[in-house]
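Beneath this line is the structure, given in structure tokens, with notes to follow.
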Amino acid sequence: MGSTPCSGKGRGIGGLQELGCMPWKVSKQKGEDVGGRRSELEVRPNTGTPPTSLQTPVIYHEKQHKELCALHALNNVFQDGTAFSRDALQDIYQRLSPSTLVTPHKKNMLGNGNYDVNVIMAALQTRGFEAVWWDKRRDVGSIALANVTGFILNVPSNLRWGPLRLPLKRQHWIGVREVGGVYYNLDSKLRSPDVIGTDDELRKFLRHQLRGKNCELLLVVPEEVEVHQTWRSDN
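As structure tokens, this is what we get:
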């Protein structure tokens, strides 16, 4: 497909559902309304003891709704369900001239989502951030992780019809970031955040993803980091 169409959650029309990543076990509590439906916060079970640095921190994990994976990826990276809204992304989409879009998607006119990289980049700029499109010819070992707020990946997503796997794929946005010293895969299709781990494990995860076909990586960084190119450790 073009640059970045994304798809809906597994409970699709007619039983159409998509394959996700392996989730990890964690309890859930309801969060605030996001994009017209309930989000969920992933939290460690209450053990009756005060939280410590060794306990799993509260992690915001927005779940898939319609084709709003770009919205979910942004909010998951910012760990804030109010960072961006469907209306805000729709307004950005409508303000962008079609001539500036890499791949304009007509269904965006209905506000259903399926936003491309242009909308994500413009949305980040409204918060004082930039998206750095990673050159896959370079090794991720040269990323200065301390200067990167989070990562947004665009990956192929397989479709299924009930138990049958269909020869169809759609592109899907997922967010990755560090919370409490641990990196998590915050894919909105997962039941709960998936632990990636340490800096080294994150680099292994990114290398694995980028070896796949049609996978792209965006680094989410503050404006000053992008200006001075300090997201590069070899700068």
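Just so you know, we're using the UniProt record's numbering here: the sequence shown kicks off at 1 and counts up by one.
Positions of the beta carbon are idealized from the N, C-alpha and C atoms, including for glycine.
Model, not experiment: these values are computed from the prediction.
- Message: DSSP three-state label for F84, please.
- Response: coil
- Taking the alpha carbon of D200 as the point to measure from, which residue in G181, I152 and V220 has its own alpha carbon closest? Minimum Cα-Cα distance from D200 among the listed residues G181, I152 and V220 corresponds to G181.
- Task: Could you pull the start and end residues of the beta strand (DSSP E) that E130 belongs to?
- Result: F129 to W133
- Query: Is there contact between the segment 187-199 and the segment 112-121, where contact requires at least three CB pairs shorter than 8 Å?
  - Reply: no
- Less than 8 Å separating the beta-carbons of F78 and A123? no
- Query: Which residues in the same chain have their Cβ closer than 6 Å to the Cβ of C215, if we skip the five residues on either side of it in sequence?
  - Reply: V155 and Q209
- Query: Sorry if obvious, but does the Cβ on V227 come closer than 7 Å to a heavy atom of the ligand ATP?
  - Reply: Inclusion of the ligand ATP in the displayed structure is not the case, the ligand content being empty and no account of it being possible.
- Task: Decide if Q125 is buried, meaning its Cβ has at least 16 other Cβ atoms within 10 Å, or exposed.
- Result: exposed
- Message: Can you list, in chain order, the residues of its chain with a C-beta nearer than 8 Å to that of F151? Leave out the 5 residues immediately preceding and following it.
- Response: Spatial neighbours of F151 in its own chain (CB-CB distance under 8 Å, excluding positions within 5 residues in sequence) are listed in chain order as V77, G175, V176, R177, L206, L217, L218, L219 and V220.
- Query: So S157 packs on R170, CB below 8 Å; how close in whole Å?
  - Reply: 5 Å
- Message: So for Y115, helix, strand or coil by DSSP?
- Response: coil
- How many angstroms separate the CA atom of L202 from the CA atom of Y183? 7 Å
- Item | Unbroken beta strand (DSSP E) run spanning H61, endpoints | I59 to H61
- Kindly identify the DSSP beta-bridge partner or partners of I174. L153
- Task: To the nearest angstrom, report how far apart D80 and Y60 are at their CA atoms.
- Result: Near 7 Å, if we compare the C-alpha coordinates of Y60 and D80.
- Measuring alpha carbon to alpha carbon, tell me which of R232, A144 and V119 ends up nearest C69. V119
- Find out if the Cβ-Cβ distance for the pair residue 236, T82 is shorter than 8 Å. A query on residue 236 cannot be resolved here, the shown segment of the chain reaching from 1 to 235 and no further.
- Message: Output needed for D234: all residues of its chain with C-beta closer than 8 Å, excluding positions within five of it in sequence on either side, in chain order.
- Response: In chain order, S142 place their CB closer than 8 Å to the CB of D234, counting only its own chain and leaving out the 5 sequence neighbours on each side.
- Query: Could you check where the alpha helix (DSSP H) with N75 kicks off and where it finishes?
  - Reply: C69 to F78
- Task: Verify whether the separation of the beta carbon atoms of E62 and G128 is less than 8 Å.
- Result: No, they are not a contact pair.
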